[in-house]
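Enquirer: Encoded as structure tokens, here's the structure I'll be asking about.
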Amino acid sequence: MRLNRLATPISVFISTLFAAPLAYATNGMNLDAYGALAGGMGGASYAYDASNSAIMSNPATLGLKKDNTNNLGVGITMLMPDVSSSHPMAGESASSGNLYLMPSMSFIKRAGNWVFGAGVLAQGGMGTEYGAGSNLFAGGMSMMGTPAAMSGEDIRSEVGVGRLMFPVTYKVTEAISVAAQVDYVWATMDVKMDIDGSTFSQMLQPNATVGSASGSLVNTLGGMIQAGQISNVNYARYEFSDNNDFSGAAKGQGFAGKLGFHFKVSENFMIGATYHTKTYLDDLDASNAKVQMGVVMGGQTMTVPVTGKISVLNFQWPETYGFGVSWKPTNELMLVSDIKFLRWASAMKDFSMRFTADGAQGNPMAQGLVSGGGTELTSTLHQNWENQTVIMVGGQYMVLPGVALRLGYNYADNPVPDATLNPLFPAIEKSHYTLGFGWRINAANSLAASLTIAPEVEATNPNTGITSYHSQSVFRANYNYTF
């Protein structure tokens, strides 16, 4: 279990807000919902007042807030994934990454026809943790096609993306609101990953379907193989991790934007639409990184750890757009539905890393590689994610004045092709069932909570024979103070 206890509430809460809390998401890498209100209704949030969390969905709905009011919101999301992987020859291994905490904070002000403010929330991410000696990663094939042991060390991944957002909404008329928003975006990543020698060998070939590996480190390694100094390569291991629940070793930052539109057709029927740009993030850079080679020299298996820096190249969040409707057939009942399109195909075509070795190496064999000119390795694993459509439906019923019960359903296509499915990144969830409640305590104070249950799904990579399993529950709670 990976769990941060918020021992000193104010200082730790503020610090974790700006540390891009790591998430395990369910619409690809995207969260299924933002905020407990929408979380209880399948994530639908484009066409009604979804509280301050609208800055993550459709900021134009902020125009539904009452004039001359201020809204302060705080929240917490608890993501509880259950992930495992199996292989017929190696058994099943369970990921220990099963609890992630994600706080949020926002302030929104309406003054006349203008609404503005700021908020910080986690966008999403993904991650798994398999311990040292995991059965799944205990073996593989060497570069020469013979069975070979991998590193035997722990295998893990964590990807987190957070946003500090500045919405501006304008009420063109009493019925129409438009919005524009600037988002400061930051991303963090940890990776500890073994690639078996056979796969690494394929990556050295032109136009390989699995990916590519090139650079002076590869050339030097190849020269040592041709000279007979190295007779085999069992595996290559990539490692950069800070083992921090709220950040990753590799970090990058940048910007994105949102546009929103909302139209109150009548008091009982509303529509909304939104567009989110693709992010413009710098490369994610990590110092104190390592590429470790398991090689055979003189009949002896040896480990060659090369230290240096790694950059994750062109990691971006996808362009997103969608529209939704809200209908109140009675004063007590509200029905909502959204459709969202995530353009993963352009954002997750490849996963690429560039490693640059340090000039001075602590390991003599590693120093020999670097001194021989082996200073750079650029590796690409093809992902070829598909664009994703998400359908969200939900309802709210006021059982008492100020007390609402909510139900919903969220369905997302699996964007990850079986042929590129990696057990470190099994973002394959589809169906999500949601329930929630809201309580307006008085004119100033309100609470909301929701629970999402995503049943287990599985997918098998036909190239590796590895099957990934993923189920998940998500709990959300939000408090809003109006003054």
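My numbering numbers the first residue of the sequence shown as 1060 and each following residue consecutively. Virtual Cβ for every residue (Gly too), placed ideally from N, Cα, C. Computed from a prediction, not measured in an experiment: that's the story for all the values here.
Can you tell me the Cα-Cα spacing of Ala-1451 and Thr-1360, whole angstroms?
Expert: Translated into the one-based positions of the sequence shown, residue 1451 becomes position 392. Translated into the one-based positions of the sequence shown, residue 1360 becomes position 301. Note that residue 1451 is Met in the sequence shown here, rather than Ala. Approximately 53 Å, taken between the alpha carbons.
Enquirer: Starting from Gly-1087, trace the beta strand (DSSP E) in both directions and tell me its first and last residue.
Expert: The residue you call residue 1087 lines up with position 28 of the sequence shown. Unbroken run through Gly-1087: none, as it is neither H nor E.
Enquirer: Which residue comes first and which comes last in the beta strand (DSSP E) that contains Gly-1495?
Expert: In the sequence shown, the residue the question calls residue 1495 occupies position 436. Counting along the chain, the beta strand (DSSP E) containing Gly-1495 begins and ends at 1490–1499.
Enquirer: Could you give the C-beta distance for Val-1220 and Phe-1299, rounded to a whole number, given that I count them as a contact under 8 Å?
Expert: What you label residue 1220 is simply residue 161 of the sequence shown in a count that begins at 1. What you label residue 1299 is simply residue 240 of the sequence shown in a count that begins at 1. Val-1220 to Phe-1299, Cβ: 17 Å. No contact.
Enquirer: Applying the 10 Å Cβ sphere with the 16-neighbour rule, what's the burial state of Asp-1255?
Expert: Here the question's residue 1255 lines up with position 196 in the sequence shown. Its Cβ being crowded by 16 or more others within 10 Å, Asp-1255 is buried.
Enquirer: When the Cα atoms are used, what is the spatial distance from Leu-1510 to Ser-1193?
Expert: Taking the first residue of the sequence shown as position 1, residue 1510 is located at position 451. Taking the first residue of the sequence shown as position 1, residue 1193 is located at position 134. Distance between the alpha carbons of Leu-1510 and Ser-1193: 32 Å.
Enquirer: Thinking Gly-1331 and Met-1248 are a contact (beta carbons under 8 Å), I'd like their distance in whole angstroms, please.
Expert: As a position in the sequence shown, residue 1331 is number 272, starting the count at 1. As a position in the sequence shown, residue 1248 is number 189, starting the count at 1. So it is not a contact: roughly 33 Å between Cβ atoms.
Enquirer: Hey, would you say Tyr-1540 sits closer than 7 Å to Leu-1131, going by beta carbons?
Expert: Taking the sequence shown and counting its residues from 1, the one referred to as residue 1540 is at position 481. Taking the sequence shown and counting its residues from 1, the one referred to as residue 1131 is at position 72. Yes, the Cβ-Cβ distance between Tyr-1540 and Leu-1131 is below 7 Å.
Enquirer: How is the beta strand (DSSP E) around Leu-1096 delimited, first residue to last?
Expert: Here residue 1096 refers to the residue found at position 37 when the sequence shown is read from its first residue. Counting along the chain, Leu-1096 falls outside any beta strand (DSSP E), though it belongs to the alpha helix (DSSP H) covering 1095–1098.
Enquirer: Is the beta carbon of His-1321 sitting closer than 7 Å to the one on Thr-1120?
Expert: Looking up residue 1321 in the sequence shown gives position 262. Looking up residue 1120 in the sequence shown gives position 61. Yes, the pair counts as a contact, with Cβ atoms nearer than the cut-off.
Enquirer: For a quick check, are the C-beta atoms of Met-1115 and Leu-1180 less than 7 Å apart?
Expert: Taking the first residue of the sequence shown as position 1, residue 1115 is located at position 56. Taking the first residue of the sequence shown as position 1, residue 1180 is located at position 121. Cβ atoms of Met-1115 and Leu-1180: closer than 7 Å.
Enquirer: Give the secondary structure of Trp-1403 by DSSP, where H, G and I count as helix, E and B as strand, and everything else as coil.
Expert: Within the sequence shown, residue 1403 is the residue found at index 344, counting from 1. Three-state DSSP puts Trp-1403 in a helix.
Enquirer: In chain order, what residues of the same chain lie with their CB nearer than 8 Å to the CB of Gly-1432, ignoring the 5 residues before and after it?
Expert: The count along the sequence shown starts at 1 and reaches residue 1432 at position 373. Closer than 8 Å at the Cβ level, and outside the excluded window around Gly-1432, lie Ser-1275, Asn-1278, Thr-1279.
Enquirer: Would you mind working out which of Phe-1374, Ile-1525, Thr-1479 sits nearest Val-1244, comparing C-alpha positions?
Expert: Stepping through the sequence shown from its first residue, residue 1244 is reached at position 185. The shortest Cα separation from Val-1244 among Phe-1374, Ile-1525, Thr-1479 belongs to Phe-1374.
Enquirer: Per DSSP, Asn-1303 forms a beta bridge with which residues?
Expert: Taking the sequence shown and counting its residues from 1, one reaches residue 1303 at position 244. Its beta-bridge partners are Ser-1306.
Enquirer: Is Asn-1302 closer than 7 Å to Lys-1230 when the C-beta atoms are compared?
Expert: As a first step, residue 1230 is located in the sequence shown; it is residue number 171 there, counting from the start. As a first step, residue 1302 is located in the sequence shown; it is residue number 243 there, counting from the start. No.
Enquirer: Quick one: using the 10 Å Cβ neighbour count with 16 as the cut-off for buried, is Ile-1512 buried or exposed?
Expert: Within the sequence shown, the letter at position 453 stands for residue 1512. Burial call: exposed.
Enquirer: Spatial neighbours of Gln-1288 within its chain, please: CB distance less than 7 Å, with the 5 preceding and 5 following residues excluded, ordered by chain position.
Expert: Within the sequence shown, numbered from 1, the residue matching residue 1288 stands at position 229. Met-1356.
Enquirer: Would you check if there are 3 or more beta carbon pairs closer than 8 Å linking the segment 1093–1109 to the segment 1462–1475?
Expert: Short answer: they touch.
Enquirer: Check for me: the beta strand (DSSP E) holding Ala-1092 runs from which residue to which?
Expert: Residue mapping note: residue 1092 aligns to position 33 of the sequence shown, counting from 1. Careful: Ala-1092 lies outside any beta strand (DSSP E) and carries neither H nor E.
Enquirer: According to DSSP, simplified to helix, strand and coil, what is Phe-1158?
Expert: By one-based count along the sequence shown, residue 1158 stands at place 99. In the sequence as presented, Phe is not what sits at residue 1158; that position holds Leu. In the structure shown, Leu-1158 sits in coil (DSSP, three-state: anything other than H, G, I, E or B).
Enquirer: Helix, strand or coil for Leu-1466? Go by DSSP, reduced to three states.
Expert: Walking along the sequence shown from the start, residue 1466 turns up at place 407. Leu-1466: strand per DSSP, three-state reduction.
Enquirer: Spatial neighbours of Val-1324 within its chain, please: CB distance less than 7 Å, with the 5 preceding and 5 following residues excluded, ordered by chain position.
Expert: Numbered from 1 along the sequence shown, position 265 holds the residue referred to as residue 1324. Same-chain partners within the cutoff: Ile-1330.
Enquirer: Are Val-1371 and Ala-1309 touching if we call contact CB-CB under 7 Å?
Expert: Numbered from its first residue, the sequence shown carries residue 1371 at position 312. Numbered from its first residue, the sequence shown carries residue 1309 at position 250. Yes, these two residues count as a Cβ contact at 7 Å.
Enquirer: Can you check which of these residues, Phe-1484, Val-1292, Leu-1340, is closest to Thr-1258 by C-alpha distance?
Expert: Within the sequence shown, residue 1258 is the residue found at index 199, counting from 1. The shortest Cα separation from Thr-1258 among Phe-1484, Val-1292, Leu-1340 belongs to Val-1292.
Enquirer: Taking the DSSP output, what are the residues bridged to Ser-1116?
Expert: To locate residue 1116, count along the sequence shown from 1; it is residue 57. Answer by DSSP bridge pairing: none, since Ser-1116 is not bridged.
Enquirer: Please confirm if the segment 1339–1356 is in contact with the segment 1395–1403, defined as three or more CB-CB distances below 8 Å between the two stretches.
Expert: Contact between the segment 1339–1356 and the segment 1395–1403 is absent, because fewer than three Cβ pairs lie under 8 Å.
Enquirer: Whose C-beta lies closer than 6 Å to the C-beta of Ala-1345 among residues of the same chain, with five residues either side of it excluded?
Expert: Translated into positions along the sequence shown, residue 1345 becomes position 286. So the qualifying residues of the chain are Phe-1299, Ala-1308, Ala-1309, Ile-1369.
Enquirer: Given Asn-1443, which residues of its chain have a CB within under 7 Å of its CB, disregarding the five upstream and five downstream residues?
Expert: For the purposes of this step, residue 1443 is identified with residue 384 of the sequence shown, where counting begins at 1. Excluding residues within five positions, the ones whose Cβ falls inside 7 Å are Lys-1408, Pro-1476, Thr-1479.
Enquirer: For Ile-1450, which three-state DSSP category applies?
Expert: Start at 1 with the first residue of the sequence shown, and residue 1450 comes out as number 391. Note: Ile-1450 maps to strand in three-state DSSP.
Enquirer: Can you find at least 3 beta carbon pairs, one from the segment 1487–1494 and one from the segment 1520–1537, that sit closer than 8 Å?
Expert: At 8 Å Cβ cutoff, the stretches touch.
Enquirer: For Asn-1278, which of helix, strand or coil comes out of DSSP?
Expert: Counting from 1 along the sequence shown, the entry for residue 1278 is found at position 219. Residue state, collapsed to three classes: helix.
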